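Numbering (our numbering), first residue to last: 202 to 345. C-beta atoms are modelled at their ideal positions from N, C-alpha and C, and glycine is treated no differently. These figures come from a predicted structure and were not determined experimentally.
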């Protein structure tokens, strides 16, 4: 999956592909956290993640379909490798926290950029709705 390059416009198809992979990763990683973490705060955050990102994924799917851009049902190779590593982690909570920070920062940059100047008037509002959720989750991650 192509990574956003500063100054280079993200196409609607790339935005949907990148967002759907991030959303799938965040949900999958959080489902793992509910099974593997023994930390109550991590498990609470994971449940918030699952609920929030199932909602944002549904919104992305609805608006993407209007443009004949179906979100992928599979992770990008990068996000799949991260999820595989998380499944095998000996210090699950530390890696989960790090991965969540990294993906939320990546997502915040993508949604901020797309909300401000994306070429699709259908997808810009999606980015604008997802952006504050990512920012809120980044703030929450500071306290895990």
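Would you check if there are 3 or more beta carbon pairs closer than 8 Å linking the segment 305–315 to the segment 258–267?
No, they do not touch.
Please name the residue, chosen from 212, 241, 237 and 325, that lies closest to residue 296 on a Cα-to-Cα basis.
Among 212, 241, 237 and 325, the Cα nearest to that of residue 296 is on 237.
What separation, rounded to the nearest whole angstrom, lies between the Cα atoms of residue 277 and residue 283?
The alpha-carbon atoms of residue 277 and residue 283 are separated by roughly 10 Å.
Measure from the alpha carbon of residue 343 to the alpha carbon of each residue in 318, 328 and 299, then state which is nearest.
Residue 343 has its Cα closest to that of 299, out of 318, 328 and 299.
Quick one, which of 255, 345, 247 and 289 has its alpha-carbon nearest residue 221's?
Ranking 255, 345, 247 and 289 by Cα distance to residue 221 puts 255 first.
For residue 204, is the classification buried or exposed, using 16 other Cβ atoms within 10 angstroms of its Cβ as the cut-off for buried?
The pLDDT assigned to residue 204 is 49, lower than 50, so where the model puts this residue is not dependable; a value taken from the coordinates is nonetheless given after this. The residue is exposed, with fewer than 16 neighbouring Cβ atoms inside 10 Å.
Under 8 Å Cβ to Cβ from residue 336, same chain only, skipping five residues before and after it: list those, please.
Its chain contains 309 as the residues whose beta carbon lies nearer than 8 Å to that of residue 336, once the 5 sequence neighbours on both sides are disregarded; these appear in chain order.
Where the alpha helix (DSSP H) containing residue 217 begins and where it ends
Note, residue 217: alpha helix (DSSP H), 213–237.
Relative to the alpha-carbon of residue 224, which residue among 322, 301 and 324 has its alpha-carbon at the smallest distance?
Nearest C-alpha to residue 224: 301.
Report the rounded CA-to-CA distance for residue 320 versus residue 215, giving the unit in angstroms.
Distance between the alpha carbons of residue 320 and residue 215 is about 11 Å.
Residue span of the alpha helix (DSSP H) that contains residue 297, given as start and end
Membership of residue 297 in the alpha helix (DSSP H) is indicated by the continuous run 293–318.
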